[in-house]
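This report refers to the structure that appears directly beneath it.
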Amino acid sequence: MSSATQIRAEETVLTPPSRWHGLLRRHATMPAILAVVLLGTYLWVNATDLDDIEQRALKTSELLRAVGEHVTLTALTTVLVVAIAGGGGILLTRPSMRWLAPFATGLANIGQATPAIGLLVLLSIYLGIGFSTTLICLVAYSVLPVLQNTIVGINQVDRHLIEAGRGIGMSPLAVLLRIELPLAVPVILAGVRTALVLAVGVATLATFISAGGLGSLIVTGIKLQRETVLVTGAVLTATLALTLDWLGGVISDLLRPRGLD
Amino acid sequence: MSRDVMIDLQQVSKFYRGQKAPVVENMSMTIQQGEIIVLVGPSGCGKTTTMKMINRLIEPSSGRILIDGTDVTALDGNDLRRQIGYVIQQVGLFPHMSVATNVGLVPRMLGWDRKRIEARADELLHLVGLEPAIYRNRLPRQLSGGQQQRVGVARALAADPPVMLMDEPFGATDPMTRDRLQNEFLRLQEQLRKTIVFVTHDFDEAIKMGTRIAVLGDRSKIRQFDTPENLLANPADSTVAQFIGRGARLKQLDLRRVDAITWEDVPLIAPDKATNGAKRQLEQAEGSSALTVDADNRPLRWVNAHDLTTDAGALAGAGQTVTTVEPQATLRDALDAMLASRDGAAVVVDEHGRYAGTVTLDGLMQVIHHTPEPEEPGAGVPDQRAGAAPAAELTPEQR
Ligand SMILES: Nc1ncnc2c1ncn2[C@@H]1O[C@H](COP(=O)(O)OP(=O)(O)O)[C@@H](O)[C@H]1O
Ligand SMILES: [Mg+2]
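This is the structure:
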């Protein structure tokens, strides 16, 4: 009986005291900062005398719509990018297709290296303006980090682990699902975070081809020289980007496989 | 000797595209059930390739491989590998899974229920000397290198496969840990009686582990395939001899155990007994020694006639220290113990430390001189044929 308790005591020493504790410590700062910034902006706008244009642009319903459009664009982009680049990255690390990887990342590089606004205009010439064109542009623009990180993340898994897995009779699919992907998760998610932030930024351009988003606030602010509108649009965009990045960090921490360090 | 053939390699070759020469060329080898076959040879000679063709991690280009009479190509590769234990030098424990999960992977793939998998993992951890209650929930990085390889061996044994493939399994550990792991594995094998293909580039390890040793040259060509004893005594050619290296006689000492040679008896002096009898005996045979023992017959000190003339009370501290060996120790261990003792003798003790006999340098010399002389063709005879000839001459002498 007493030896059993001793053993338990030893185990608690070996495992970190609490996952939640560490999570809180690492990730509590960003929400606090964002809350302060949002509150400050709100108070400042509130204290300012708003004219008609400003009041119309900064209506709660108007803001919610812009944020909603922006989030929708970003979320859809993320889903598509993870599916395309994640799936592609997995395929491009299979032994039979590995040789294709440089071409694929080269292609994705073109998407990212082209100035976003240029890409948007080019695409809208061929595809017309609107939501789906924006989405395609966003995907093309943010596919690279996820693709590259998926490839790097899987390739950095120790070859001997894969050999050991095959050696004890795991199928290639089992090796992928139980060894390669879990061990690549931190690197892949880092790519997804980068893609998210990129997507939030580029989505502000959606307004140029009438796809809405927070960019419309910024553009209105610039065109009509309304500082409050401009600042509100910029602050909301930045907050959204940082929130998503923060969320990505939390998720990445939660999904990080044990036993790595 | 009508044991079952467990693994049969028939004219197996491996070519890689774009390479003129094969990596393994027409390799044939028959392995009996329960043997540890060691493939030993220089780096790059094809040991790993040969081994991996047995579980089809590498598909042979030509030839056949039978395990227990069945052609390995008749089975699905994954199913085949689940029935063959596999241990590699880098261990390959999955860092994100607990020790128990790692060990239970193969049973899980074989569809065992959870209770049985857990019980089996505990059983195996216990078998390899890791207390399950302490280690089962640990992660691999919380183990030492030696402990990790024990878990690696446990994982390979999980589904009780009849055949095990081990590729330099102890190669990455420090010498002391390696020695311990080797000993433990040999002890385990006495119980388990697996058929094992063991790859190493270390000839000393080959001698220690092998039932039979295949010395391989380029393209996995078998230069010699024989028991460690015969290999040391009769290297087939100069390359093999070179590979065995210097000190073949010394290496032979690794092969024989203390219980395989005759022990001598020395006079014992129990603590409370009168010393007169022993003293008279010692005086008759000048220069010889007696052993003082405690109440349980455990040896204490070497004493000679001179030590005994002092009064009995002072006997406890008199004489020379004793070095002991157990009957299972190798003759090399015994030699080491003898050299550490002033009298050139080591005391053999049983598992409770009680006196059983003594072994001496003289006795050891006799053993060495009764084993066949190893040929040493390295000395100025680079030609292979010249090296092989004297070895062939030796063979009839040995029979
Ligand atoms: N996939 C491969 N393609 C081409 N050559 C290979 C491949 N794998 C191994 N080799 C070559 O085969 C030879 C034998 O390799 P290996 O069996 O690993 O040797 P060992 O285990 O004895 O050190 C080496 O010369 C190596 O370069
Ligand atoms: Mg090798």
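Protein sequence lines correspond, in order, to chains A and B. Note that the numbering used here gives residue 143 to position 143 of the first sequence, counting from 1, and the numbers run on in steps of one. For any residue, its number in the numbering used here is found by taking its place in the second sequence, counting from 1, and adding 1000. The beta carbon of each residue, even a glycine, is placed where N, CA and C say it ideally should be. What you are looking at is a predicted structure, and each value in this text was computed from that prediction instead of being measured.
query: Out of B:ARG1116, B:VAL1215, B:LEU1127, B:GLU1118, which has the shortest C-alpha to C-alpha gap to B:GLN1147?
result: Residue numbering aside, residue 1147 of chain B sits at position 147 when the second sequence is read from its first letter. It is B:LEU1127.
field: Which residues DSSP lists as bridging A:LEU100, in chain order
entry: Taking the first residue of the first sequence as position 1, residue 100 of chain A is located at position 100. DSSP lists no beta-bridge partner residue for A:LEU100.
task: Along the beta strand (DSSP E) that carries B:TYR1355, what are the first and last residues, could you check?
output: For the purposes of this step, residue 1355 of chain B is taken as the residue at position 355 of the second sequence. Taken as a continuous stretch (DSSP letters only), the beta strand (DSSP E) holding B:TYR1355 covers 1355 to 1360.
query: Alpha carbon to alpha carbon, what distance is there between A:LEU242 and A:VAL250?
result: The residue given as residue 250 of chain A occupies position 250 in the first sequence. The residue given as residue 242 of chain A occupies position 242 in the first sequence. Looking at the two C-alpha atoms, the distance is approximately 12 Å.
query: Based on the DSSP secondary-structure assignment, which residues constitute the bridge partners of A:THR41?
result: Counted from its first residue, the first sequence places residue 41 of chain A at position 41. A:THR41 is not bridged to any residue.
- prompt: B:SER1043: beta carbon under 8 Å from a heavy atom of ligand 2?
  reply: Looking up residue 1043 of chain B in the second sequence gives position 43. Yes; taking the cut-off as 8 Å, the Cβ of B:SER1043 has a heavy atom of ligand 2 nearer than that.
query: How many Å lie between B:ASP1004 and B:THR1195 at the Cα?
result: Looking up residue 1004 of chain B in the second sequence gives position 4. Looking up residue 1195 of chain B in the second sequence gives position 195. Cα to Cα, the separation comes out at about 11 Å.
Unbroken alpha helix (DSSP H) run spanning B:ALA1290, endpoints: In the second sequence, the residue the question calls residue 1290 of chain B occupies position 290. Going by DSSP, B:ALA1290 is part of no alpha helix (DSSP H) but of the beta strand (DSSP E) stretching over 1290 to 1293.
- request: With DSSP collapsed to three states, give me the class of B:GLY1378.
  value: For the purposes of this step, residue 1378 of chain B is taken as residue 378 along the second sequence, with counting starting at 1. Here the model assigns B:GLY1378 a pLDDT of 42, short of 50, so the residue's position is not dependable, and the following value carries that caveat. In the structure shown, B:GLY1378 adopts coil according to DSSP, grouped into three states.
- request: Between the Cα of A:ALA190 and those of A:ASP49, A:GLY86, A:ALA174, A:GLY22, spot the shortest distance and give me the residue it belongs to.
  value: Counted from its first residue, the first sequence places residue 190 of chain A at position 190. Selected option, being the one with the closest Cα: A:GLY86.
field: Buried or exposed (CB count within 10 angstroms, at least 16 for buried), A:ASP52
entry: Along the first sequence, read from residue 1 onward, the residue named residue 52 of chain A stands at position 52. Taking a 10 Å sphere around the C-beta of A:ASP52, we find fewer than 16 other C-beta atoms and assign the residue as exposed.
field: Closest Cα partner of A:ALA164 within the set B:ALA1172, B:ARG1082, B:VAL1325
entry: Walking along the first sequence from the start, residue 164 of chain A turns up at place 164. Closest option to A:ALA164, Cα to Cα, is B:ARG1082.
- request: Mind the definition here: the segment 202 to 212 of chain A touches the segment 146 to 165 of chain A only if three or more C-beta pairs lie below 8 Å; say whether that holds.
  value: no
- prompt: So who's on the other strand from B:SER1062, going by DSSP bridges?
  reply: Residue mapping note: residue 1062 of chain B aligns to position 62 of the second sequence, counting from 1. In DSSP, B:SER1062 forms a bridge with B:SER1013.
task: State the start and end residues of the unbroken alpha helix (DSSP H) segment that holds B:PRO1132.
output: For this step, residue 1132 of chain B is matched to residue 132 along the second sequence. Unbroken alpha helix (DSSP H) run through B:PRO1132: 1132 to 1135.
task: Within 10 angstroms of the Cβ of A:LEU64, are there 16 or more other Cβ atoms? Answer buried if so, exposed if not.
output: Here residue 64 of chain A corresponds to residue number 64 of the first sequence, with the count starting at 1. Burial call: exposed.
task: Evaluate A:HIS70 with the Cβ neighbour count: other Cβ atoms within 10 Å of its Cβ, from every protein chain shown; 16 or more gives buried, anything less gives exposed.
output: On the first sequence, residue 70 of chain A is found 70 positions in, with the first residue counted as 1. Buried, because 16 or more other Cβ atoms sit within 10 Å of the Cβ of A:HIS70.
task: May I ask you to report which of helix, strand or coil DSSP gives A:SER210?
output: Within the first sequence, numbered from 1, the residue matching residue 210 of chain A stands at position 210. Note: A:SER210 maps to coil in three-state DSSP.
field: Distance, B:MET1006 Cα to A:ASN155 Cα
entry: Within the first sequence, numbered from 1, the residue matching residue 155 of chain A stands at position 155. Within the second sequence, numbered from 1, the residue matching residue 1006 of chain B stands at position 6. Cα to Cα, A:ASN155 sits roughly 38 Å from B:MET1006.
- prompt: Is the shortest distance between the beta-carbon of A:GLY167 and the beta-carbons of chain B less than 9 Å?
  reply: Counted from its first residue, the first sequence places residue 167 of chain A at position 167. It does; some Cβ of chain B falls within 9 Å.
- prompt: Secondary structure at A:ILE179, three-state DSSP: helix, strand or coil?
  reply: In the first sequence, the residue the question calls residue 179 of chain A occupies position 179. Three-state DSSP puts A:ILE179 in a helix.
task: With 8 Å as the limit, tell me which residues of the segment 170 to 199 of chain A have their beta carbon closer than that to any beta carbon of chain B; keep them in chain order.
output: For the segment 170 to 199 of chain A, the beta-carbon criterion of a distance under 8 Å to any beta-carbon of chain B is satisfied by MET170, SER171, ALA174, ARG178, ILE179, PRO182, LEU183.
- request: Work out the CA separation of A:LEU177 and B:LEU1110 for me, nearest whole Å.
  value: Counting from one through the second sequence, the residue named residue 1110 of chain B turns up at place 110. Counting from one through the first sequence, the residue named residue 177 of chain A turns up at place 177. B:LEU1110 and A:LEU177: Cα-Cα distance of roughly 18 Å.
message: Is there a Cβ of chain B sitting closer than 9 Å to that of A:GLY153, yes or no?
response: Within the first sequence, numbered from 1, the residue matching residue 153 of chain A stands at position 153. Closer than 9 Å to the CB of A:GLY153 there is not a single CB belonging to chain B.
- prompt: Cβ of B:TYR1086 within 8 Å of any heavy atom in ligand 1?
  reply: On the second sequence, position 86 is the one that residue 1086 of chain B refers to. No, Cβ of B:TYR1086 sits at least 8 Å from all heavy atoms of ligand 1.
message: Distance check for B:THR1177 and A:MET30, CA to CA, integer angstroms please.
response: Counting from 1 along the first sequence, the entry for residue 30 of chain A is found at position 30. Counting from 1 along the second sequence, the entry for residue 1177 of chain B is found at position 177. Going by the C-alpha atoms only, they are around 49 Å apart.
message: Can you give me the C-alpha to C-alpha distance between A:ARG159 and B:LEU1105, rounded to a whole angstrom?
response: Along the first sequence, one-based indexing puts residue 159 of chain A at 159. Along the second sequence, one-based indexing puts residue 1105 of chain B at 105. The straight-line gap from Cα to Cα measures roughly 18 Å.
- prompt: Going by C-alpha distance, which of A:ALA57, A:HIS21, A:SER252, A:PRO257 is nearest A:GLN225?
  reply: Position 225 of the first sequence holds residue 225 of chain A. Here the closest residue by C-alpha is A:ALA57.
task: Flag B:VAL1199 as yes when its Cβ comes closer than 8 Å to any non-hydrogen atom of ligand 2, and as no otherwise.
output: For the purposes of this step, residue 1199 of chain B is identified with residue 199 of the second sequence, where counting begins at 1. Flag set: Cβ of B:VAL1199 near ligand 2.
task: May I ask you to list the residues that DSSP assigns as paired with B:ARG1081?
output: Translated into the one-based positions of the second sequence, residue 1081 of chain B becomes position 81. Bridge partners of B:ARG1081: none, in fact.
query: Should B:VAL1023 be listed as close to ligand 1, given that the test is whether its C-beta is under 8 Å from any heavy atom?
result: By one-based count along the second sequence, residue 1023 of chain B stands at place 23. Yes.
task: Report yes or no: is there a C-beta of chain B within less than 9 Å of the C-beta of A:ASP158?
output: Residue numbering aside, residue 158 of chain A sits at position 158 when the first sequence is read from its first letter. Output row for A:ASP158: interface = yes.
message: Quick check: does the Cβ of B:LYS1047 come within less than 8 Å of any heavy atom belonging to ligand 4?
response: This structure does not include ligand 4; its bound ligands are ligand 1 and ligand 2.
task: Tell me, to the nearest whole angstrom, how far the beta carbon of B:GLU1025 is from that of B:ARG1223; I am working on the premise that it is less than 8 Å.
output: Within the second sequence, numbered from 1, the residue matching residue 1025 of chain B stands at position 25. Within the second sequence, numbered from 1, the residue matching residue 1223 of chain B stands at position 223. Not confirmed; about 13 Å, so no contact.
task: Please classify B:ARG1138: is it buried, with 16 or more other beta-carbons within 10 angstroms of its beta-carbon, or exposed?
output: In the second sequence, counting from the first residue as 1, residue 1138 of chain B sits at position 138. The residue is buried, with at least 16 neighbouring Cβ atoms inside 10 Å.
Bridge-paired residues (DSSP) for B:VAL1430: Outside the shown range of chain B (1001 to 1399) lies residue 1430 of chain B, about which nothing can therefore be said.
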